[in-house]
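Start counting the sequence shown at 5; every next residue gets the next number (the numbering used here).
This report concerns only the one structure given below.
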Amino acid sequence: MNNLQKVGGFAALAQAITYLLAFVYFGAFFDFPRAGDTAQKLNFLADNQLMLSVVNLVMYVAFGIFLAVLVLALYHRFKNRALVLSQLAAVFGVIWVGLVIASGMIANIGLAAVIKLSVNEPAQAMNLWLTLNIIVEGLGGGNEVIGGLWLLLLSCAALKSHQFSKRLSYFGLLIGLAGVLTIYPADILTEIFGLGQIVWFVWLGISMLVTIEVYHKEAEHD
5 MNNLQKVGGF AALAQAITYL LAFVYFGAFF DFPRAGDTAQ KLNFLADNQL MLSVVNLVMY
65 VAFGIFLAVL VLALYHRFKN RALVLSQLAA VFGVIWVGLV IASGMIANIG LAAVIKLSVN
125 EPAQAMNLWL TLNIIVEGLG GGNEVIGGLW LLLLSCAALK SHQFSKRLSY FGLLIGLAGV
185 LTIYPADILT EIFGLGQIVW FVWLGISMLV TIEVYHKEAE HD
């Protein structure tokens, strides 16, 4: 079980890195011509297809894989002292894994379809791109309700089981609440959740790695 906790800790750190890379790319390098015409927008997508596909792969699919590992590790960490909360958190965690990975696959397949369609039907291609954005954002790109619920439940389980510091748990509650509130479409809430999750994942990952021996002794005692 120590190995699972160690892998889970590294998975949490990897998730923080994927979040950070996404923020850096879209904040500093992604220069989509929002004010441009249809041709300019479609040309931008075609010129940047490879990079966008890689970013989607990392931001969604890789993140989802790391998340699956973390969900499993935290379930085992909390189950002895907070069984119901850990089970409920795991359910929402698995749902979030599916939504995140699905978002990435839909984004990449949809992007390829948009670029192919743009050759002969640019107007339809643009409509498809807008529809694709709505689907991806609804599944997990802009709506973080499921992730927020997972984080809220995990933080409650952490408080009940005394596995991590209270400061980490209360911080998780705060960021989880921000995630749930993204049901209201406000960019600031999504940004708070995203930036907060970077800090939370780093904090959690380090905590999991440095408290492995303590967890092992408690598990043997239980």
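Glycine residues also receive a C-beta, built at the ideal position from the N, C-alpha and C atoms.
- For P126, the three-state secondary structure derived from DSSP is helix.
- According to the DSSP assignment, E195 belongs to the alpha helix (DSSP H) that extends over D191 to V214.
- Taking a cut-off of 8 Å on C-beta distances, the segment 173-192 does not touch the segment 96-106, as fewer than three cross pairs fall below it.
- In this structure, A161 is the residue among Y188, V203, G200 and A161 with its C-alpha nearest to the C-alpha of R85.
- In the structure shown, the three-state DSSP call for Q19 is helix.
- In the DSSP annotation of this structure, the continuous segment of the alpha helix (DSSP H) that includes D51 starts and ends at T42 to D51.
- With fewer than 16 neighbouring CB atoms inside 10 Å of its own CB, S169 falls in the exposed class.
- Contact between T22 and M55 fails: their C-beta atoms lie close to 15 Å from each other, not under 8 Å.
- Put simply, the backbone Cα of V95 is about 13 Å away from that of A77.
- Residues A182, L185 and T186 of the same chain have their beta carbon placed closer than 7 Å to that of L193, with the five preceding and five following residues left out of the count.
- Bounds of any alpha helix (DSSP H) do not take in K83, whose DSSP letter is neither H nor E.
- In the structure shown, R38 adopts coil according to DSSP, grouped into three states.
- For F175, the enclosing alpha helix (DSSP H) begins and ends at K170 to V184.
- Setting aside the 5 residues that flank it on each side, G114 is surrounded in the same chain by L136, each with a C-beta closer than 6 Å to its C-beta; the list follows chain order.
- Across the structure, N131 and G198 are spaced so that their CA atoms are roughly 28 Å apart.
- Between L49 and the set S122, F82, S159 and P189, the nearest pair of CA atoms involves S122.
- Relative to the Cα of W207, the nearest Cα in the group I139, A20, L8 and S107 belongs to A20.
- Taking L74 as the centre and dropping the five residues before and after it, the same chain places the C-beta of G12, A15 and A16 closer than 6 Å to its C-beta, in chain order.
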